[in-house]
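So for the sequence shown, full-length UniProt numbering puts the first residue at 1; every next one is plus one. The beta carbon of each residue, even a glycine, is placed where N, CA and C say it ideally should be. Take a look at the structure below.
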Amino acid sequence: MAATDFLETAQGRRLAYHKSDGAGPTVVFLGGLKSDMEGTKAVHLEAWAKARGQAFLRFDYSGHGESSGKFEDGCIGDWHEDALAAVAALTDGPLIVVGSSMGGWQALLLAKAMPDRIAGMVTIAAAPDFTEDGYWASFSDTQKQVLETEGYVELPSDYMEPYIITKRMIEDGRQQLVLRDAVNLQFPVRFLQGTADTAVSTATAVRLVEHATGSDMRLLLVKDADHRFSDGPCLEIIENAVLEVMGAQ
C-alpha cells in the first residue's frame, strides 16, 4: 500500500492524501461526512483510475481520517477550504469531481468556486444544504435549546458512533447553502441516488436536479441501493458515470 502524503494548508491544517499521476482530466474524490479516503468507493475508483492511466486524487478533510484536527471542530466551510487547497496544490488542468453524500455538496461548492476547472461531475447520494434542511429542520425545540446552551447536540447514526453536531456547523452551513441561489453546471453531470437510501431521500435528488441548470444533466435512480452505494453493481454504475462525463463512451 502506498504511503500517505500530507499537505499543509494556509489555514494551518495537515491534510492526508493519495495522488496518482496519469492522463487528465484528474478524477477527484470528495468523501462524505465522517467518511475517510479509505472508503470502498474512494479506493475502488483509485484502482480503476490507475488501471486506465488516469490521474486521481483522494484526501481526508480536516478532522477526518489521517488529517489533523477533530471532527467536532470542523464545519462545511472548513472542509470547502480543504477541498480548494487540495485541488489547487495537487492538481493541474481540468477535473472530474466525484462527490459522495456531503461530498456532493462539496462538489457543488467547488464548481461554484472554480467553474473553469470542472470538466464533469458525478454525485452519489448528494446531500446539499443538509445542515439546514436535514439537521436544523428536524431538530425539536428541545434540541435547538440544547444546541444554543451547550453548543452541540448528539445525533444517532446508522453507520457509526453518534454524530456531534455543533452550533458552529449549523451556523456556518447557512453561509454555504447552494439550493437557495442559482446552481449553474455548464459541464456534464450525473446524479446517482439509491431508492433505499435512508440518509438522503430521492426527493432531495429530484430537488437538486430540478434546481440546477445545465445542458447535460441526468439523475439515475437505482432501485434498492442504499446510502453506501458501494456494492459491485453500484461501483460499476459510478465507473460508467465517470466515463460518461469524460466523454469516453
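Item to check | Buried/exposed call for Ala2, threshold 16 Cβ in 10 Å | outcome: Counting from one through the sequence shown, the residue named residue 2 turns up at place 2. The residue is exposed, with fewer than 16 neighbouring Cβ atoms inside 10 Å.
Item to check | Same chain, Cβ closer than 7 Å to Gly53, five either side skipped, listed in chain order | outcome: Indexing the sequence shown from 1 puts residue 53 at position 53. So the list reads Gly22, Ala23, once near-sequence residues are dropped.
Next on the checklist: Using the three-state DSSP reduction, which class does Phe229 fall into: helix, strand or coil?
Outcome noted: In the sequence shown, the residue the question calls residue 229 occupies position 229. DSSP places Phe229 outside both helix and strand once states are collapsed to three, so it counts as coil.
Next on the checklist: Please return the same chain residues whose Cβ sits closer than 8 Å to the Cβ of Tyr17, not counting the five positions on each side in sequence.
Outcome noted: Translated into the one-based positions of the sequence shown, residue 17 becomes position 17. Non-local beta-carbon contacts of Tyr17 in its own chain, meaning distances under 8 Å to residues more than five positions away in sequence, involve Thr4, Asp5, Phe6, Leu7, Met37, Leu57, Arg58, Phe59, Asp60, Ala86, Leu90 in chain order.
Checklist entry - Bridge partners of Met217, per DSSP? => result By one-based count along the sequence shown, residue 217 stands at place 217. According to DSSP, Met217 bridges with Val189.
Checklist entry - Where do the N-terminal and C-terminal ends of the alpha helix (DSSP H) with Gly103 fall, by residue? => result Translated into the one-based positions of the sequence shown, residue 103 becomes position 103. It spans 102-113 - the alpha helix (DSSP H) in which Gly103 sits, taken as one unbroken run.
Checklist entry - When DSSP builds the beta bridges, which residues end up paired with Leu155? => result Translated into the one-based positions of the sequence shown, residue 155 becomes position 155. For Leu155, which the question treats as bridged, DSSP gives the partners Tyr163.
Checklist entry - Enumerated in chain order, which unbroken segments of the alpha helix (DSSP H) with a length of 4 residues or greater are wholly contained in the UniProt domain "AB hydrolase-1" (51-145)? => result 76-90, 102-113
Item to check | Closest Cα partner of Asp73 within the set Ala126, Ala111, Arg13, Ala241 | outcome: Within the sequence shown, residue 73 is the residue found at index 73, counting from 1. It is Arg13.
Checklist entry - Leaving out the 5 sequence neighbours to the left and right, which residues in its chain are closer than 8 Å to Phe139 when beta-carbon positions are compared? => result For the purposes of this step, residue 139 is taken as the residue at position 139 of the sequence shown. Once the five neighbours on either side are set aside, the close Cβ partners of Phe139 are Leu147, Val153.
Next on the checklist: Taking the alpha carbon of Asp92 as the reference point, which residue from Glu244, Ile76, Asp116, Ala199 has its own alpha carbon closest?
Outcome noted: Within the sequence shown, numbered from 1, the residue matching residue 92 stands at position 92. The shortest CA-to-CA distance from Asp92 to any of Glu244, Ile76, Asp116, Ala199 is the one to Asp116.
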